[in-house]
Amino acid sequence: MKEQILTISSIEKLQDDIFKTVLIGDCSEISAPGQFINIKLNGFFLRRPVSIADYTENSLTIIYKTVGKGTKYMSTLPVGKSLQVLMPLGNGFSLEKIEKALSHSLSDAAAPVLIGGGIGLPPIFSLAKGLMKRGITPVVIAGFNSKSDVILENEFKAIGISPIITTVDGTYGKKGLVTEPFSELLLKLHRAYVCTCGPEPMLKAIHQLAADGQFSFEARMACGFGACMGCSCKTKYGNKRICTDGPILEKEEIIW
Amino acid sequence: MVNLSAMEKESQTMSFQPSYANQNSSPDKRIFDTRVNLCGLTLDNPVIPASGTFGYGQEFAKLYDINILGSISFKGTTPNERFGNPLPRIAECPQGMLNSVGLQNPGVEVVTARELPELAKIYSKPVIANISGFSIEDYVTCAKAMDKENQVGIIEVNISCPNVHNGGMAFGTSAREAAEVTEAVMSVTSKPVFMKLSPNVTDVAGIAKACEDAGAAGISLINTLLGMRIDINRRKPVLANKMGGFSGPAIFPVALRMVYQVSQAVDIPIIGMGGVSSADDVIEMMMAGATAVQIGAANLVNPYICKEIIEELPEKMKALGIQNINEIIGVIE
């Protein structure tokens, strides 16, 4: 982790309150999908932690919902503006563990299942890309509240994945929650290895269904690098910090 | 009023030797002496990360050589392990933040057996042991354990915690109880004891004086100001604990005022803190009466802040015509 100066190269509105910002600069330290960055914004005391949706050696993409004043401000910044960014933060998803799980499981679980809920989907996209590079085609389930929240469908298709989309109100894709198509999948792939990011009730429901996997958590934090103890949680292996020991926790260590 | 100990006066008379922290700086910076003396302990500079904002140094040691720091006040220690308060524990405010971490720490045995040896690998100078408790016995337990640690140069006693034997009133809100904790801790350690005062009181100078009279070697202040935020969409407090400690640049004028008031009331050294975020703030705190200065919330938004302040201090001193930083301690009458 260190402070980098990244420059905004584009900002795109994906939905009324969802924006995609591409930042350019040294991103060579990012070591795994699921890591996040912490952005300093003028006029705000705390930085804004945002997950990485995509990255290369010299650029990264963030996709965020304008839920508060900070993210709203972020969405109005001009292209060319430089930002102070602490990065990369967090452990990220372990592709090695996914590969290991697949090699150990029966042939019926040959594909990992990736599930993203709402604005929890961006790091899942980054993970899917990483898996495709290793020759693993995951099954992707993306859940949203409504059609006006749907993001990344075309991006997934562009890398060769057709995501199963659900909306709570049925305005797009299958009506219902991500757990419904996931439960159907489990009838065929009952030992499916799952990687997921999204709201906590969704993570909890998936945790009850899945045999094994990696779960990405969110918490209010001050520093993002393990100093403030603002985002602590209890696990089977003692107290952990979502920011540095997470945000990804293993299925078996999670205590609800 | 003179608020320098005899030891500090002695250090003031020393010649302008180069500060250890600045040996690699350009030659014209070398004549600016940033060393200060806290009860016989010479710090290379007055900059100390505040307890609870720097862990045990490990996260920061990955970013820079933390040996440049004057000292480190490590995470507050209680006799037993504490998970702390439920989440959310953090709320943002204009120019600051609230925290209700709730003294999460692994307990004094783990701190001395595991964290301090690890800290010794990355930091070779004496550290400040910040201890907390919910009864006099808690403080005594922690002080006894810290007294045995060679690494510990100063014991800093956080008395902003509620006394479970007195209806949960914080020790630091009563001069009598603050003095009682001071005496109890003093009786089990030969190390200098700094009482860390709460700002949530009507007469901070009176409490500081009571600690001095009870034998405290120094005073640290201020702890966080009690605050609260409400999420107006959810109609609920932002913090799960409802209230939390307010820190950050917003509290600096309050902290400075209290450091000044205490420096007028006592003759023991003061470690000033509360919203300090720049070399200018450090100098201002020292002019108000602080011998050393702690940096708190600023570490969380800029992990390089202590390094930046230490590097900037000689330039600031040059600009202000200060050759020895001890010259400015308590210059405001």
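Going line by line, the protein sequences match chains C and D. Per the numbering used here, the first sequence starts with residue 4, numbered consecutively. Per the numbering used here, the second sequence starts with residue 18, numbered consecutively. Here a beta-carbon is modelled for each residue, glycine too, at the ideal position from N, C-alpha and C. Predicted model, so just to flag it, every value in this text is computed and none were measured.
Decide if the region 147-156 of chain C is in contact with the region 129-138 of chain C; the criterion is three or more beta carbon pairs, one per stretch, under 8 Å apart. no
Option in Gly37/C, Ser54/C, Asn157/C with minimal Cα separation from Lys68/C: Ser54/C
Quick one: list the residues of chain D neighbouring Glu6/C, beta-carbon separation under 9 Å, in chain order. Leu80, Asn319, Pro320, Tyr321
Starting from Ala160/D, trace the alpha helix (DSSP H) both ways and give me its first and last residue. 153-164
Residues in the region 38-49 of chain C having any Cβ partner in chain D nearer than 8 Å: Correct list: Lys43, Phe47, Phe48, Leu49.
Along the alpha helix (DSSP H) that carries Lys75/C, what are the first and last residues, could you check? 72-78
Cross-strand partners of Cys110/D (DSSP beta bridge): Gly113/D
Helix, strand or coil for Phe1/D per DSSP? In the structure as shown, chain D begins at 18 and stops at 350. Residue 1/D is therefore absent and cannot be evaluated.
Short check: CB of Pro115/C to CB of Pro141/C, under 7 Å? Yes, they are a contact pair.
Please determine, among Ala67/D, Gly185/D, Glu76/D, Val279/D, the residue with the shortest C-alpha to C-alpha distance to Ser90/D. Ala67/D
If you draw a straight line from the alpha carbon of Thr10/C to that of Leu155/C, how long is it in whole angstroms? One C-alpha to the other measures close to 23 Å.
At a Cβ threshold of 7 Å, is Gln281/D touching chain C? For Gln281/D, the answer is no, since every Cβ of chain C falls outside 7 Å of its Cβ.
Quick one: using the 10 Å Cβ neighbour count with 16 as the cut-off for buried, is Leu337/D buried or exposed? exposed
Any idea which residues DSSP pairs Glu173/D with across the strands? Asn147/D, Phe211/D
Enclosing beta strand (DSSP E) for Gln281/D [first to last residue]: Element bounds for Gln281/D: not the beta strand (DSSP E) but the alpha helix (DSSP H), 269-282.
Under three-state DSSP, which class holds Met4/C? coil
Contacts of Gly261/D in chain C (Cβ-Cβ under 9 Å): None at all; the shortest Cβ gap to chain C is about 10 Å.
If we count the other Cβ atoms within 10 Å of its Cβ and call it buried at 16 or more, is Ala38/D buried or exposed? Model confidence at Ala38/D stands at a pLDDT of 45, short of 50, so the residue's coordinates are unreliable and nothing is read from them.
Run through chain D and tell me which residues come within less than 7 Å of Gly229/C, C-beta to C-beta. Going along chain D in sequence order, the residues near Gly229/C (Cβ under 7 Å) are Gly72, Glu76.
Are any of the Cβ atoms in chain D nearer than 7 Å to that of Met90/C? no
Once you ignore the five residues that flank Gly289/D on each side, which residues in its own chain have a CB closer than 6 Å to its CB? Val276, Met302, Ala307, Val310
Measure from the C-beta of Gln121/D to each C-beta in chain C and report whether the shortest distance is under 7 Å. yes
Output needed for Gly95/C: all residues of its chain with C-beta closer than 7 Å, excluding positions within five of it in sequence on either side, in chain order. Ser34, Ala35, Pro36, Gly37, Gln38, Ile251
Can you list, in chain order, the residues of its chain with a C-beta nearer than 7 Å to that of Leu190/C? Leave out the 5 residues immediately preceding and following it. none
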